[in-house]
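Quick notes on the structure that follows.
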Amino acid sequence: MVFKQTKVTTPLTTAQKYQRIWQTVLQIPKGNVASYGQIADLAGLPGRARLVGKALGQAPAELAIPWYRVIRSDRQLAFPAGSPNAISQHQLLLAEGVLVVNNRVKKSYYWQPDLAEIMYQLQF
DNA sequence: TAATTGACCCTTT
DNA sequence: CAAAGGGCCAATT
């Protein structure tokens, strides 16, 4: 069987990847958290968890990206416990009902996006 | 140009 | 449950 290539794909620029990541993080519902890898996957960048951290660090404040809803896959906040960043992240999460104990949260807080909904929202 | 450094992840011990 | 090892790749040195 011969397959016809109907579309040429040009590699995404770093800016485009960041855009996808920011847009995806914006979808995390209040009161939920998502892991870096989960965001990377949803953004169409499988295996690029580290890039998500990089993108969040670069995110313009005016975009109001809920960076604090992104944590590690092992349920811990990415910042060292007790660090200024970890403390503010803790506060922001607590403000929306996400309990943080010993720098970690319960598994049940992880966002479980609806497939149809996320595909509609993220037109990649 | 090459090496190092991350707001990480997954599998295996 | 914790630690180790290998992956990833953009940005920085």
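Numbering (the numbering used here), first residue to last: 1220 to 1343.
Don't be surprised by glycine CBs; every beta carbon is placed ideally from N, CA and C.
Please read these numbers as outputs of a predicted model, since none were measured by experiment.
- Secondary structure note for glutamine 1342: it is in no alpha helix (DSSP H), with a DSSP letter that is neither H nor E.
- Taking a C-beta distance under 8 Å as the contact criterion, valine 1244 and proline 1285 qualify as a contact pair.
- Shown here, isoleucine 1247 sits in coil according to DSSP, grouped into three states, outside any helix or strand.
- Taking 8 Å as the cut-off, the beta carbon of leucine 1296 is found closer than this to the beta carbon of glutamine 1308.
- Non-local beta-carbon contacts of tryptophan 1330 in its own chain, meaning distances under 7 Å to residues more than five positions away in sequence, involve Ile1247, Pro1248, Asn1251, Val1252 and Ala1253 in chain order.
- By the 16-neighbour rule on beta-carbons within 10 angstroms, lysine 1325 is exposed.
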